[in-house]
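Its first residue numbered 377, the sequence shown is counted upward by one per residue in our numbering. Each residue gets a CB set at the ideal place from its N, CA and C atoms; glycine is no exception. What you are looking at is a predicted structure, and each value in this text was computed from that prediction instead of being measured. Following: one structure in structure tokens, then a few remarks.
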Amino acid sequence: VVEMADDPRYRSLLREGIHKMVQVILQTRVLPDRHEVDDSASQISRALNLKIPIWRDVRAQTEAEIRRGGNLETSMAVNLDLFVESPNLEKAQVLIERWRFLFDSSPDLRPRERIEDPHISLIILVRSLSSLLCTLPAHKLVQLTRELTDLPFAISYRISTDDQNQTEFDQNPQNFTFPSVSTTLGRLSVHLTFRPK
């Protein structure tokens with residue numbers, strides 16, 4: 377349990393949490409052949425007790441959207457959309473997963489009493505997210521892309537803060553919300569919406 381204080385280190389912690397979760401999701405969903413690993417970020421990759429390579433371009437895209445969204449100084453959301461692309465489909469892109477990282481800085485959401493260490497809560501969140509990935513329907517498609525060649529489809533992604541031009545699901549999606557992480561700066565929550573088939 378930690379004392380209440382508007383600790384600016386929490387902003388850095390939350391930022392690294394978002395980066396880590398985006399990296400974990402994409403490294404289990406898309407092929408790594410187009411991504412350059414940033415060896416200088418190895419210390420960052422261990423930040424939440426989950427060592428993974430850091431894809432330089434993904435980190436840059438995520439950071440750009442965090443800054444565009446408000447830099448964790450105001451309420452903001454970063455969206456990570458995953459698509460199946462194939463010339464054999466009716467639509468060029470079919471949305472299969474939408475991950476929404478929502479930071480809410482509303483004063484009424486900030487804890488007024490002593491809170492559990494947000495670092496521990498964030499580690500649990502990242503590990504819970506990592507464990508859930510292989511149970512989702514998209515995991516079977518990912519396995520195919522890694523086991524077979526010349527498949528008639530590919531998995532792509534988009535990172536954005538744009539809520540106005542979002543792609544819609546082509547069937548009723550299912551939803552899952554992870555336990556949120558509270559800090560004196562605000563609350564970070566992760567919401568998943570996914571195509572069930």
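Can you pull the DSSP bridge partners for residue i?
{"i": "valine 566", "result": "Phe477"}
{"i": "glutamate 461", "result": "Gln469, Ala530"}
{"i": "leucine 456", "result": "Trp475, Ile535"}
{"i": "threonine 553", "result": "His567"}
{"i": "serine 558", "result": "Arg563"}
What does the alpha-carbon distance come out to for the pair residue i and residue j?
{"i": "tryptophan 431", "j": "valine 398", "result": "10 Å"}
{"i": "phenylalanine 552", "j": "glutamate 544", "result": "17 Å"}
{"i": "threonine 450", "j": "serine 506", "result": "27 Å"}
{"i": "lysine 396", "j": "lysine 427", "result": "9 Å"}
{"i": "leucine 524", "j": "aspartate 546", "result": "26 Å"}
{"i": "alanine 530", "j": "valine 557", "result": "33 Å"}
{"i": "aspartate 457", "j": "arginine 476", "result": "9 Å"}
{"i": "arginine 474", "j": "arginine 571", "result": "9 Å"}
{"i": "serine 536", "j": "glutamate 439", "result": "10 Å"}
{"i": "glycine 446", "j": "glutamate 466", "result": "37 Å"}
Looking at C-alpha atoms only, which residue of the options is the closest neighbour of residue i?
{"i": "alanine 453", "options": "Arg571, Phe570, Val566, Val470", "result": "Val566"}
{"i": "proline 483", "options": "His395, Gly562, Ser388", "result": "Gly562"}
{"i": "threonine 559", "options": "Glu466, Lys467, Asp493, Asn455", "result": "Asp493"}
{"i": "isoleucine 496", "options": "Lys573, Asn425, Ile394, Thr511", "result": "Asn425"}
{"i": "glutamine 469", "options": "Tyr533, Leu568, Gln550, Arg385", "result": "Tyr533"}
Assuming residue i and residue j are in contact, meaning their beta carbons sit under 8 Å apart, how far apart are those beta carbons, in whole angstroms?
{"i": "valine 518", "j": "threonine 404", "result": "7 Å"}
{"i": "leucine 390", "j": "phenylalanine 479", "result": "7 Å"}
{"i": "arginine 522", "j": "leucine 448", "result": "Not a contact, Cβ separation roughly 34 Å."}
{"i": "leucine 508", "j": "glycine 393", "result": "So it is not a contact: roughly 16 Å between Cβ atoms."}
Could you name the residues of the same chain whose beta carbon sits closer than 7 Å to that of residue i, not counting the 5 residues immediately before and after it, in chain order?
{"i": "valine 434", "result": "Val398, Gln399, Leu402, His411"}
{"i": "leucine 587", "result": "Missing from the structure shown is residue 587; the chain here goes from 377 to 573 and no further."}
Suppose the cutoff is 8 Å on Cβ atoms and the five residues either side in sequence are ignored; what does the same chain contact list for residue i look like?
{"i": "lysine 516", "result": "none"}
{"i": "proline 513", "result": "Ile472, Phe570, Arg571, Pro572, Lys573"}
Within 8 Å: the Cβ of residue i and any heavy atom of the ligand NAD?
{"i": "valine 434", "result": "Questions concerning the ligand NAD fall outside what the structure shown contains, since it holds no ligand whatsoever."}
Excluding the five sequence neighbours on either side, which residues of its own chain have a C-beta within less than 6 Å of the C-beta of residue i, listed in chain order?
{"i": "isoleucine 420", "result": "Caution applies to isoleucine 420, whose pLDDT of 46 falls short of 50 and renders its modelled position unreliable; the value that the coordinates give is listed next. The answer is none, since no qualifying residue turns up."}
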